[in-house]
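Quick notes on the structure that follows.
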Amino acid sequence: MNILQYDGTFEGLLSIVAASMEESDAPDAIEARRPWQAEAAPVLFGEVRYVETDDERAQNLIGQLRLQPDGLLRSIGCAFLSEDDGIELSILRLIRQRLFQAKAPAHRLRDPNLAAIEESARRTIRERHRMLGLVRFQKLRSGIFWSRIRPRHNILPLLGDHFRRRMGNDEWVITDQQRTSALWFQQGRLEYAPLTELEHLPQMHREEEFIQDLWRRYFDQIAIAERANPSLQRSFLPRRYRSALVELGFM
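Converting from the sequence shown to our numbering requires adding 5 to each position, the first position being numbered 1.
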């Protein structure tokens with residue numbers, strides 16, 4: 006069994022795609038291994054190989070994918086962010102087919118790799134749209150506005166442009182608690198940072214504490230206890246999204 010590993014970035018995955026096309030050898034599996042993760046144990050039958058990220062080859066592939074019709078590059082990018090099992094292998098196979106194994110359009114419609122990528126991309130985009138209405142910012146003592154989320158898919162890179170427009174010149178940060186990553190907007194620039202660098206942040210401004218208390222009281226007052234239906238509420242708002250909501254006490 007031939008297993009290829011990469012650093013978890015989109016450029017890293019494209020480096021694997023480029024290497025596999027040069028070697029004319031497709032792997033049996035692709036795994037993400039972040040820099041802080043331990044080296045994988047050897048497999049009994051086969052080989053585990055780590056492929057270094059090659060930005061030049063990755064950008065070359067991105068340029069070729071931009072020329073493909075039907076927004077293929079966007080679909081591949083969103084599918085990659087889904088982090089669905091096996092999606093990297095579907096991406097590799099589809100890119101090989103589109104760039105080096107020209108098929109008729111009718112064949113592409115039946116392609117299982119394309120179907121898997123489009124379905125994963127739809128789920129990612131749907132969650133991103135949902136999260137736009139669920140992100141709640143808190144004002145910190147430093148003056149920065151902070152929000153924490155725990156999405157199923159890695160949608161953090163898809164939130165930056167929206168909140169940059171919405172928040173104006175205010176500095177803000179959104180943290181992904183599940184992936185220990187963060188998206189900053191400061192001094193007019195969007196930046197990514199490990200969550201470990203943000204441990205000093207959660208110190209709320211006094212004004213924020215007062216406003217949150219008022220909002221919770223309002224939320225409690227308008228609720229009708231006799232009509233409470235936790236089961237229905239969970240169907241509309243799964244527990245994984247509640248950590249972002251002030252009115253639910255960051256459950």
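Even for Gly, the Cβ is constructed at its ideal location relative to N, Cα and C.
Cβ-Cβ separation between ALA126 and ALA84: approximately 4 Å, consistent with a contact (criterion under 8 Å).
Judged by DSSP secondary structure, SER186 falls within the beta strand (DSSP E) whose first and last residues are 186–191. Within a 10 Å sphere around the beta-carbon of ILE229 sit fewer than 16 other beta-carbons, which makes this residue exposed. As computed with DSSP, TRP220 is found in no beta bridge at all. Taking 7 Å as the cut-off, the beta carbon of VAL56 is found no closer than this to the beta carbon of LEU104. Counting the other Cβ atoms within 10 Å of the Cβ of GLN143 gives 16 or more, which makes it buried. In this structure, DSSP gives ARG141 a state outside helix and strand, which the three-state scheme calls coil. The alpha-carbon of HIS210 is positioned some 46 Å away from that of GLY68. Taking C-beta atoms as the reference points, ILE154 and ASP181 count as a pair closer than 7 Å.
Per the C-alpha coordinates, the member of GLU196, GLU61, ASP75, ASN7 positioned closest to LEU94 is ASN7.
The DSSP-derived three-state label of ALA37 is strand.
Under the 8 Å Cβ criterion, the stretch 210–222 does not count as touching the stretch 173–187, having fewer than three qualifying pairs. Nearest to LEU137 by alpha-carbon distance, out of HIS167, ILE96, LEU237, is HIS167.
Close CB contacts of LEU19 within its chain, under the 6 Å cut and outside five residues either way in sequence, are with ALA63, LEU66 (chain order). The three-state reading of DSSP puts ALA228 in coil, since its state is none of H, G, I, E or B.
Selection PRO156, PRO117, LEU145 evaluated against ARG131 yields PRO156 as nearest (Cα-Cα).
DSSP, reduced to helix, strand and coil, places THR129 within a helical segment of the structure shown. As the crow flies, the alpha-carbon of TYR223 is around 11 Å from that of ILE216. Inter-residue distance for LEU161 and THR129 is about 11 Å (C-alpha atoms, whole angstroms).
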